[in-house]
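Numbering (our numbering), first residue to last: 5 to 271. Note that the Cβ used here is the ideal one computed from N, Cα and C, for glycine as well. Quantities reported herein were computed from a predicted structural model and do not represent experimental measurements. Structure first, then comments.
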């Protein structure tokens, strides 16, 4: 009987101990904070940037852009023109032809009485006649010499005697240079300051290829107009090859040629 009671008491103690342990566990669970349930995290996909909208220009925008472009064009044109070198007008000097007959002061030094102060000398006008390829009037720069006049007339023709010429002499405006012609046949031009328009030596034969207008004017039946026509024909054709060539000159006929035949030659 005692053993049965002890067994029941032992069973009751075990049950009590188990209940006590369960109670303590329950109390311990109540005192601990409840952990929140983990919320699943959804990955966030980065949003795509919005598509750029098309630029729309209003009327005001168009006007502003036009003004800016116009101003830029004006500035560009101004810059280009400002960079160009300035053009300066070059003064043109008109040389007054000198008189055909040099006066007494033709060889006066600069600064002398009657000379123009600071005036640039004009070209020299010289008549080259005689044995040259192109006899006639030539223009030469100031300071030219006799040899320059002969070269301007095409050089000597044939083998004339030029020992009587001073090829290094400076020329005077309006003078005549005779190449290979005897002074007795055609007198040389008067020296500067001498008597202008002096005629040929009486009885001398005038060479049509070297004669001046003053010398031709002294011939019978020949006046200033006909004398100039003879010079023009000579300059155009180079020289007279025969006295009969005078018939080709305007104003000279058979009667005039008959009067001139013994007074002129064709060199």
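Taking 8 Å as the upper bound for CB-CB distance, residue 214 and residue 271 are in contact here, some 7 Å apart. Here DSSP, grouped into helix, strand and coil, assigns residue 132 to strand.
Between residue 153 and residue 130, the CB-CB gap stays under 8 Å. A residue is called buried once 16 or more other Cβ atoms fall within 10 Å of its Cβ, and residue 238 is buried on that count.
Across the structure, residue 155 and residue 172 are spaced so that their CA atoms are roughly 13 Å apart. Between residue 183 and residue 167, the C-beta gap is not smaller than 8 Å, which leaves the two residues out of contact.
In terms of Cβ geometry, residue 170 and residue 142 do not form a close pair [threshold 8 Å].
In the DSSP assignment, residue 182 falls within the unbroken beta strand (DSSP E) covering 180-183.
In this structure residue 73 is exposed. Its beta-carbon is surrounded by fewer than 16 other beta-carbon atoms within 10 angstroms. Ranked by Cα distance from residue 179, the first of 128, 223 and 124 is 128. In the structure shown, residue 14 adopts helical secondary structure according to DSSP, grouped into three states.
Following the DSSP letters along the chain, one finds residue 217 inside the alpha helix (DSSP H) bounded by residues 217-221. In this structure residue 229 is in contact with residue 255, their Cβ atoms being roughly 7 Å apart against a cut-off of 8 Å. Assignment of residue 177 by DSSP, reduced to helix, strand and coil, places it in the coil class. DSSP, read as helix, strand or coil, puts residue 249 in helix. The C-beta distance from residue 247 to residue 268 rounds to 6 Å, short enough to fall under 8 Å.
Classified as exposed, residue 31 has fewer than 16 neighbouring CB atoms from the shown chains inside 10 Å of its CB. When only Cα atoms are considered, residue 144 and residue 82 end up about 48 Å apart. Counting C-beta atoms within 10 angstroms of its own C-beta, residue 243 has 16 or more neighbours from the protein chains shown and is therefore classed as buried. The beta carbon of residue 235 lies closer than 7 Å to those of 217 in the same chain, with the five residues before and after it left out.
The DSSP-derived three-state label of residue 269 is strand. DSSP places residue 143 in the uninterrupted beta strand (DSSP E) bounded by 140-144.
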